[in-house]
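To keep things clear, I will list the structure first and then write my remarks on it.
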Amino acid sequence: VITKKIAKHFHLDIRDDEFRFRIVEQGTVAEAVLNDICKSLESIRSEVKLGKHGGKDNIGVRVGKVINKYKVAKHFVLQIRDDGFDFHVDEHKVASEAALDGIYVIRTSVPEERLSPDDTVRSYKSLSQVERAFRSIKTIDLKVRPIRHRLETRVRAHIFLCMLAYYVEWHMREAWRPLLFCDEDQEAKKTRDPVAPAKRSKAALRKIRSKKLDDDSEAHSFQTLLKRLSTIVRNICRAPGDNPDAPTFHVVTTPDPKQQRAYDLLETIIV
Numbered sequence: 001v002i003t004k005k006i007a008k009h010f011h012l013d014i015r016d017d018e019f020r021f022r023i024v025e026q027g028t029v030a031e032a033v034l035n036d037i038c039k040s041l042e043s044i045r046s047e048v049k050l051g052k053h054g055g056k057d058n059i060g061v062r063v064g065k066v067i068n069k070y071k072v073a074k075h076f077v078l079q080i081r082d083d084g085f086d087f088h089v090d091e092h093k094v095a096s097e098a099a100l101d102g103i104y105v106i107r108t109s110v111p112e113e114r115l116s117p118d119d120t121v122r123s124y125k126s127l128s129q130v131e132r133a134f135r136s137i138k139t140i141d142l143k144v145r146p147i148r149h150r151l152e153t154r155v156r157a158h159i160f161l162c163m164l165a166y167y168v169e170w171h172m173r174e175a176w177r178p179l180l181f182c183d184e185d186q187e188a189k190k191t192r193d194p195v196a197p198a199k200r201s202k203a204a205l206r207k208i209r210s211k212k213l214d215d216d217s218e219a220h221s222f223q224t225l226l227k228r229l230s231t232i233v234r235n236i237c238r239a240p241g242d243n244p245d246a247p248t249f250h251v252v253t254t255p256d257p258k259q260q261r262a263y264d265l266l267e268t269i270i271v
């Protein structure tokens with residue numbers, strides 16, 4: 001992926017269990033890529049002048065392999081003929097794109113008195129929760145398919161129940177934050193820089209590294225906590241020695257301290 005010509009612009013950290021990298025200077029990487037492509041195109045132009053790659057189609061194939069490697073065809077003006085080939089960099093397009101490189105512009109019709117610039121960015125980033133909801137409904141937890149209905153009203157009801165189930169799941173996740181691998185301090189989100197990449201708190205990183213909570217009990221994902229709670233069941237019982245027709249009664253499994261804490265946290269949900 002990283003050629004020798006642009007490798008100097010990357011700082012690589014390769015370990016046995018992970019790989020990290022960062023760009024030393026983004027502008028110089030773009031220049032290095034363009035220079036690399038220009039040299040390759042210049043080589044093709046020289047070969048065409050020597051009579052190689054005859055024909056417009058053959059020249060086009062060779063040129064296409066070069067400029068499509070980095071998806072930068074829009075930055076070049078190409079003139080391909082049966083007996084020749086010329087090119088130059090479209091400096092205007094390069095400069096226009098470089099000016100917006102890595103920058104997102106968010107517009108809103110909401111007045112600034114109601115929604116500040118910082119809150120606008122936070123609201124935009126919160127759309128990731130919508131994407132997460134659809135992903136959960138379609139594939140991860142709720143799995144909306146198969147839809148075993150044919151009438152439109154019943155299909156709508158099926159989808160509505162799935163959305164309602166996700167709403168319940170969202171509240172459960174929020175209530176269980178102290179037990180899960182996630183940040184508990186949500187108030188910090190309201191004051192931190194909305195543009196800077198989000199970072200986990202030290203407490204959350206500590207839970208991830210140790211897989212333990214502050215009380216030294218096991219930290220969970222949402223799925224593993226549900227599995228832990230699934231051992232609580234309601235049993236239909238009958239007194240020893242009773243005949244088969246004797247009345248039955250129900251006995252619910254007594255939760256252990258971790259399970260009881262999970263239930264107590266669910267009691268704090270306010271809708």
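Residue 67 in full-length UniProt numbering sits at position 67 of the sequence shown; the count goes up by one each step and never skips. Just so you know, even glycine gets a beta-carbon here, dropped at the ideal spot from N, CA and C.
**Q.** Beta-carbon separation (whole angstroms), GLN259 vs ARG228, contact threshold 8 Å
**A.** 7 Å
(Q) Rounded to the nearest angstrom, what separates ALA32 and TYR70 at their Cα positions? (A) 12 Å
Q.
Suppose the cutoff is 8 Å on Cβ atoms and the five residues either side in sequence are ignored; what does the same chain contact list for VAL271 look like?
A. HIS171
Q: Tell me where the beta strand (DSSP E) around ILE80 begins and ends.
A: 76-80
Q: Pick out whichever of LEU115, VAL252, ALA133 and GLY60 has its Cα sitting closest to the Cα of ALA73.
A: GLY60
Q.
Using the Cβ count rule (16 or more neighbours within 10 Å means buried), how would you classify residue 275?
A. Not covered by the structure: residue 275. The range shown for the chain is 1 to 271.
Q: Give the DSSP-derived three-state secondary structure of HIS88 in the structure shown.
A: strand
Q: Express the C-alpha separation of GLU184 and LYS190 in angstroms, rounding to a whole number.
A: 13 Å
**Q.** Same chain, Cβ closer than 8 Å to HIS250, five either side skipped, listed in chain order
**A.** ARG234, ASN235, ILE236 and CYS237
Q. How about VAL130 and ILE106: do their beta carbons lie closer than 8 Å?
A. no
**Q.** SER128 versus PHE222 - alpha carbon distance
**A.** 18 Å
Q: Give the straight-line distance between the Cα atoms of LYS212 and ASP141, rounded to the nearest whole angstrom.
A: 24 Å
Q: Would you decide whether LEU41 is buried or exposed? Buried here means 16 or more other CB atoms lie within 10 Å of its CB.
A: buried
Q. Given 8 Å as the limit, is there contact between the segment 148-162 and the segment 82-89, that is, 3 or more CB pairs closer than that?
A. no
Q | Cβ-Cβ distance between LEU225 and ALA262 below 8 Å | A | yes
Q) According to the Cβ coordinates, are HIS75 and LEU115 closer than 8 Å? A) no
Q | Nearest to THR268 (by Cα), restricted to the options ARG177, ILE44 and SER46 | A | ARG177
Q. So CYS237 is in the beta strand (DSSP E); what residue range does that whole segment cover?
A. 234-237
**Q.** Identity of the residue in SER96, TYR167, SER109 and ASP119 nearest SER136 by Cα
**A.** TYR167
Q) Would ASP216 count as contacting chain C if we go by Cβ distances under 8 Å? A) The structure shown has no chain C; it contains just one protein chain.
Q: Report the residue ranges of all beta strand (DSSP E) runs contained in full by the segment 156-242; include only those spanning at least 3 residues, in chain order.
A: 234-237
Q. If we ignore side chains and look at the alpha-carbon of each, how far apart do ILE44 and ASP119 end up?
A. 52 Å
**Q.** Nearest-angstrom Cα separation, counted from ASP264 out to GLU113
**A.** 40 Å
Q.
Any heavy atom of the ligand HEM closer than 7 Å to the beta-carbon of LYS69?
A. This structure lacks the ligand HEM; in fact it carries no ligand of any kind.
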